[in-house]
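In full-length UniProt numbering, the protein residues as written are 1 to 384.
Glycine is no exception: its CB is placed at the ideal position from the N, C-alpha and C atoms.
Right, one structure below, let's go through it.
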């Protein structure tokens, strides 16, 4: 089997990730921050260590500004729902995932916010002058994805951060497709809030994600989305206002966080630059190989240096769903097909409403995997 759906969920996971989840379930299993016994304290130690490693990976200075959520969608909803209110204005792009667009459209419909959609070129790259112009109109929030989940196209978040900082607009970066695969330094990149998921490039389990607040972001501006027990200040009936408890009510997914801890450690041990170099190599080979197959059109920049290890393509004369079904059933190649929860991006790229076949590679994808997938695509095309 060739697994090319890492843009949805990374697989396989490092052995250390699997072992950490199993060890927690077998030997710890307790609730962090709720009791004074040894197992509870061990659970809290694991959670704190994970915060520390995530802060280190993303250039954060305070592990308590790392907040855990169930996924990046919940993280994005926390920020958008808390910072944007009636009559507000948000600047974003036409390449965003529905994790961004749906909460924005909900607020547009219910409280009349304005959504300023910055146009994006047909290869998925941002028109930075259009971004600057949109920000000049003022905004409560700017939201951009670091890399497209459709084309893999990378956004220069430092360039966007320079513009948002100049205008005094908080910047939320959706790092679902880049965390663990691309270098990120929230201070140097001038990112106010980074939203991440644990189960993709960070190599952790599903049910993990969160936000990292930059040092310059005032969390007094952002109310919690969920209220309840935190294990702290239990004599109060009001939500604590200190971090991370302000945003973390209820029992945490500590088994998942234990696995995430080891996923992030695996990345730090190898280095993001090494992972990136490998992914550029296999992505370049995939793009080159697909481009040589008659009737195949690669979507995006066509340049491995300008995108993640996500490659989308269409085949002239064959429905994308048929291509993906044949790849799976006849050649054991696992991939994603359709609109990938990003219809606006497909409108921008010219692939709406059918969508694309998407190959999502990762750190464990080999050159041999790429070549086998290319032979499979060639066979599907030849048999049309």
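Inter-residue spacing [alpha-carbon to alpha-carbon] between residue i and residue j
i	j	result
residue 97	residue 333	25 Å
residue 49	residue 55	10 Å
residue 16	residue 115	43 Å
residue 216	residue 369	44 Å
residue 178	residue 162	19 Å
residue 238	residue 246	10 Å
residue 145	residue 223	23 Å
residue 220	residue 46	27 Å
residue 34	residue 42	12 Å
residue 336	residue 236	48 Å
residue 251	residue 233	16 Å
residue 70	residue 228	16 Å
residue 206	residue 256	7 Å
residue 164	residue 138	10 Å
residue 359	residue 365	11 Å
residue 83	residue 74	14 Å
residue 110	residue 85	10 Å
residue 191	residue 322	41 Å
residue 38	residue 44	10 Å
residue 288	residue 331	20 Å
residue 273	residue 147	16 Å
8 Å contact criterion, which residue i and residue j should meet: CB distance rounded
i	j	result
residue 128	residue 103	With a Cβ gap of about 25 Å, residue 128 and residue 103 do not count as contacting.
residue 95	residue 376	Incorrect: roughly 28 Å between the Cβ atoms, too far for contact.
residue 198	residue 209	5 Å
residue 78	residue 211	7 Å
residue 201	residue 372	Actually they do not touch by this definition, with Cβ atoms about 23 Å apart.
residue 356	residue 153	The pair is not a contact, with the Cβ atoms about 13 Å apart (cut-off 8 Å).
residue 81	residue 225	6 Å
residue 262	residue 67	At roughly 20 Å, the Cβ-Cβ gap does not stay under 8 Å, so residue 262 and residue 67 are not in contact.
residue 196	residue 72	6 Å
Own chain, CB closer than 6 Å to residue i, minus 5 neighbours either side, in chain order
i	result
residue 316	295
residue 88	113, 140
residue 64	243, 244
residue 339	346, 355
residue 189	157, 158, 161
residue 106	none
residue 28	39, 42, 43
Per-residue DSSP class, three states only, for residue i
i	result
residue 292	coil
residue 3	strand
residue 360	strand
residue 197	strand
residue 71	coil
residue 297	strand
residue 156	coil
residue 140	coil
residue 307	strand
residue 336	strand
Same chain only: Cβ atoms within 7 Å of residue i, ignoring 5 sequence neighbours per side
i	result
residue 351	299, 314
residue 325	none
CB of residue i within 8 Å of CB of residue j, strictly
i	j	result
residue 157	residue 169	no
residue 99	residue 310	no
residue 276	residue 182	yes
residue 180	residue 203	yes
residue 254	residue 12	no
residue 126	residue 150	no
residue 268	residue 53	yes
residue 354	residue 329	no
residue 186	residue 383	no
residue 171	residue 142	yes
residue 136	residue 167	yes
Contacting residues, own chain, Cβ-Cβ under 8 Å from residue i (five flanking each side not counted)
i	result
residue 134	91, 116, 118
residue 361	4, 6, 279, 282, 283, 286, 309, 310, 311, 369, 370
residue 293	374, 377, 378, 381
residue 21	205, 255, 256, 258, 259
residue 265	16, 53
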